[in-house]
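Chains as they are written, first to last, in our numbering: chain A, 8 to 534; chain B, 8 to 534.
Dropping the structure here:
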């Protein structure tokens with residue numbers, strides 16, 4: 008049952024005065040439950056409890072953390088249809104997506120459970136002493152990663168499960184040994200509360216300290232601002248708009264003690280269709296991209312919003328087929344009236360830009376809150392002159408840029424802001440002729456894709472979901488995959504520490520059998 | 008020969024109007040050479056050249072980078088006595104220190120050369136495709152670290168070689184594949200120019216792109232400010248005061264595109280002397296610490312500025328011996344009149360604090376610019392009430408805190424700002440009784456030392472020289488040791504990329520034979 012209350016550790020409370028409801032975009036009406044925004048006192052309690060829980064949680068073994076993470080996955084599974092139902096009511100997304108995203112969420116939790124159970128992720132590095140070294144003896148130094156402290160995670164509107172309450176940021180933080188306070192996304196507060204109840208149950212069953220997790224409701228920005236400014240909060244995870252992410256980054260960097268903010272933000276995910284690809288497989292790519300642009304109503308961070316090619320008959324044909332195919336696709340419901348409102352206004356603003364032509368726009372009658380897909384085109388010289396054309400239009404929208412030649416194409420890529428992804432569509436034989444294009448693109452993005460679509464972000468160790476600003480606030484980390492744990496840890500050295508008092512990870516005996524670097528050599532052996 | 012000019016890549020220029028000289032603190036007079044501060048045009052040229060060099064340098068092989076780094080070491084060695092002489096003239100430090108620091112600098116360069124020659128540092132991770140996976144096929148994703156772009160390195164006053172022109176930050180950046188623009192420290196501009204000439208020679212001999220390195224003179228803050236704000240600069244390395252580091256951090260975080268600043272800043276490096284240690288080896292520790300506090304005239308980041316113990320006869324004895332021993336040590340020359348001026352004024356300000364007593368202060372006549380060592384004491388309750396007592400006094404100064412009991416000791420540690428190091432002096436048997444103290448200390452520092460001194464920062468893979476703010480601006484990185492390379496790289500993924508066009512590090516054949524994680528298993532084998 009959804010109560011509308013906040014979880015302050017294992018306590019359900021609602022002392023705040025601000026109330027709100029979530030919205031069903033499919034039926035265009037409010038859902039029933041009344042949510043209570045966290046009050047100042049509740050925020051303070053949640054953070055203090057997290058700081059107190061950190062004293063215990065930071066040293067809990069990998070095995071215990073893996074039990075906790077696996078149990079969260081179990082409890083989310085145990086929520087069954089109730090979770091799927093509320094997810095759909097609060098997002099307008101279809102049941103199949105809800106089930107898929109739940110699967111991804113559970114996979115992420117279990118991936119982190121496996122990671123911390125095995126234990127090598129802490130990057131144990133041992134440099135043993137050499138007392139005979141001249142002119143001064145060498146000390147014994149041993150390094151491993153330790154958690155940085157309580158983390159605030161902002162729920163993401165477009166991933167009510169996989170990047171919200173028990174999503175990637177939270178799972179990575181728990182795996183690291185950091186307590187989490189979730190600033191629940193107001194659009195899916197019910198989904199958030201249900202998932203929060205699963206986390207609290209798992210924490211109790213696996214005997215985690217109370218305060219390891221809290222879930223705070225909010226209807227506006229105040230709760231998030233207070234959390235980011237709280238001195239006991241040590242880092243922030245965010246997925247959303249450039250405006251939102253940058254505001255949090257600014258707040259965090261202006262604190263007396265600045266803290267890291269990993270914000271995964273906007274991206275137009277440029278796609279470059281090379282001449283032979285346009286010529287030989289232009290029709291095929293056009294069909295594939297019509298699907299990618301409209302997938303999830305275009306509400307993915309990796310939606311391909313910008314397609315670049317060399318002007319000519321083949322690109323003209325690609326645009327024609329893409330335009331024909333995209334209007335064949337039935338529009339789908341967007342997440343919220345605010346989202347569709349922003350989509351329609353940004354699309355309109357884009358369409359007002361000089362030199363932009365709309366080559367396709369779904370124009371049949373559609374249900375309220377459904378997003379009309381559109382394809383626009385522009386000349387290379389126009390986008391070089393007008394950076395407003397670089398802006399993301401969050402929704403089923405894409406712009407095809409017709410470049411005069413390869414030099415212009417390279418210049419446009421070099422002048423793009425940072426991006427999550429870049430894609431090259433090419434026939435194998437031609438790719439090696441475009442080394443400059445590939446290198447220039449690589450310098451602007453976090454992930455480069457060959458002959459595919461950017462949508463679909465595999466959860467794996469090799470994934471980088473991030474990139475130069477404004478794709479993220481810090482390109483040195485990824486938001487997806489097990490390596491995202493690195494955002495929430497710091498290296499720590501023990502010097503000449505007594506072996507019996509070292510953490511197991513650094514003991515001579517290597518009782519955990521993890522992979523370590525000892526005097527420059529990687530090994531799982533004991534010293 | 009030292010010209011006083013700037014190196015803009017391999018070009019020596021001096022178009023600026025601002026001129027300055029360095030200062031010999033031993034003789035209390037200016038040195039001869041007139042240096043020319045970099046003009047706005049020279050700054051612009053250096054950055055544009057770096058951005059252009061980056062296009063080539065970013066993809067240069069590890070072998071070539073190792074040749075470059077080793078050649079820099081060779082060229083620095085080839086500078087011979089001229090370097091040692093100017094180092095001493097500009098720093099007031101003794102020849103032995105100059106030679107030692109040159110050795111450290113060369114060791115760092117060769118360590119990074121070995122790291123990149125071997126190549127595993129790029130953390131290659133491969134998740135192979137699974138086309139039969141349901142419901143959707145798994146794509147092939149391969150990740151490695153790539154350089155982030157041109158780096159600005161600020162020379163450090165207290166390490167004219169090891170943390171300046173070709174110091175740790177620069178060596179790490181070159182190893183990563185990032186061009187470097189050094190904002191030379193005005194106190195040792197001649198040392199800086201000589202080392203810069205060695206880097207330029209090495210770059211030419213090993214055929215690095217021009218602009219991979221520039222060295223800009225400056226007398227004030229303007230050159231640094233312009234560099235940090237330049238859109239083509241992608242990260243900053245700094246060693247110095249909290250005020251200076253924070254100012255750069257603020258500038259960088261307020262840019263349209265924020266960039267990472269790794270600033271290693273202030274620390275009082277708390278040392279906890281536990282009761283049995285004070286009782287059994289108090290005299291010995293007092294003598295050892297008299298040496299550590301005065302080492303290099305106290306001008307090390309890891310100088311022990313705060314010693315905490317439990318009030319009683321043993322601690323009183325420790326303070327007595329420490330006070331007696333420290334005044335036996337001959338004062339030494341400090342780096343610059345500005346440094347000694349700041350030392351004397353901060354010491355005086357500290358001595359004005361209510362409740363602080365000076366138990367030892369060198370009072371014999373000494374040469375100008377020499378630093379008078381001092382030991383002060385304070386009650387635990389006093390430092391709890393007055394955070395001004397937490398401030399670093401950069402120089403041969405330390406404060407002993409007499410805590411009422413263990414609880415108060417723990418409370419004081421918990422309330423300290425972030426620190427580079429924390430040290431525990433203990434008899435083996437007693438340490439396990441102070442788990443809370445150790446845990447609390449661990450949460451405030453980057454490195455914890457057992458029965459030793461914090462001065463002396465070993466250059467090795469397991470070293471962490473960093474810590475929670477204000478020890479550094481980002482506790483997730485270290486400034487010392489080969490892992491400091493992580494500050495200047497970002498992870499990057501290739502998706503479904505043709506094997507023959509992948510970097511060697513990620514090719515199926517593993518031609519470099521590096522350690523990689525393939526489908527979750529660490530291996531040096533080919534696929």
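Built from N, CA and C at the ideal position, the CB exists for glycine as well.
All values derive from a computational prediction rather than experimental measurement.
With respect to chain B, the C-beta atom of residue 504/A has a partner C-beta closer than 8 Å.
From the listed residues 129/A, 109/A, 389/A and 17/A, the smallest Cα separation to residue 491/A is found for 129/A. Excluding five sequence positions before and after residue 480/B, the CB atoms of its chain that fall closer than 8 Å to its own CB belong to 252, 253, 256, 268, 269, 270 and 272, given in chain order. If you compare the alpha carbons of 124/A, 332/A, 374/A and 86/A with that of residue 290/A, the shortest gap goes to 332/A.
At a beta-carbon threshold of 9 Å, the residues of chain A lying near residue 446/B are 62, 65 and 66, ordered along the chain. The straight-line gap separating the alpha-carbon atoms of residue 384/B and residue 67/B is approximately 55 Å. In the three-state scheme derived from DSSP, where H, G and I count as helix and E and B as strand, residue 271/B is classed as strand. Annotation: the region 373-450 of chain A contains the following complete segments of the beta strand (DSSP E) (minimum length 3 residues), in chain order: 381-386, 404-410 and 426-432. A Cβ of chain B is located within less than 8 Å of the beta carbon of residue 449/A. The Cβ atoms of residue 201/B and residue 109/B lie no closer than 8 Å to each other. Pairwise C-beta distances place the region 205-214 of chain A out of contact with the region 518-531 of chain A, as fewer than three of them are shorter than 8 Å. 8 Å or more divides the Cβ of residue 162/B from the Cβ of residue 204/B. Contact annotation for residue 515/B against chain A: no contact, minimum CB-CB distance about 14 Å [criterion: below 8 Å].
Per the coordinates, the alpha-carbon of residue 489/B lies some 34 Å from the alpha-carbon of residue 47/B. The three-state secondary structure of residue 481/A, taken from DSSP, is coil.
CA-CA distance, residue 342/A to residue 248/A, rounds to 15 Å. Between residue 522/A and chain B, the shortest Cβ-Cβ separation is below 8 Å. Under the 8 Å criterion on CB atoms, residue 134/B is classed as interfacial with respect to chain A. DSSP, reduced to helix, strand and coil, places residue 279/A within a strand of the structure shown. For residue 124/A, the uninterrupted alpha helix (DSSP H) run begins and ends at 102-125, by DSSP. In the pairwise beta carbon analysis, the region 136-145 of chain B is classified as not touching the region 453-467 of chain B: fewer than three pairs are separated by under 8 Å.
Sequence-distant partners of residue 415/B (beyond 5 residues in either direction) whose C-beta falls short of 6 Å from its own C-beta, in its chain, are 387. For residue 498/B, at least one C-beta of chain A is nearer than 8 Å to its own C-beta. A Cβ-Cβ distance of about 38 Å is found for the pair residue 87/B and residue 512/B, leaving them out of contact under the 8 Å criterion. In the three-state reduction of the DSSP assignment, residue 18/A falls in the strand class, which pools E and B. DSSP places residue 54/B within a helical segment (H, G or I) once states are collapsed to three. Flagged as an interface residue toward chain A: residue 265/B, by a C-beta distance shorter than 8 Å. Bounds of the alpha helix (DSSP H) holding residue 357/B are 344-358. Closest by C-alpha distance to residue 346/B, out of 31/B, 119/B and 27/B, is 31/B. Assignment of residue 230/A by DSSP, reduced to helix, strand and coil, places it in the helix class. Approximately 10 Å separates the beta-carbon atoms of residue 199/B and residue 225/B; this is outside 8 Å, ruling out the contact. Taking a C-beta distance under 8 Å as the contact criterion, residue 160/A and residue 244/A qualify as a contact pair.
With fewer than 16 other beta carbons inside 10 angstroms of its own, residue 320/B counts as exposed. With respect to the 8 Å criterion, residue 175/A and residue 241/A are not classified as neighbours on the basis of their beta carbons. For the region 467-484 of chain B, the residues whose beta carbon sits under 9 Å from a beta carbon of chain A are, in order, 467, 468, 469, 470, 471, 472, 473, 474, 475, 476, 477, 480, 481, 482, 483 and 484. Listed along the chain, the chain A residues whose CB falls inside 7 Å of the CB of residue 501/B are 455.
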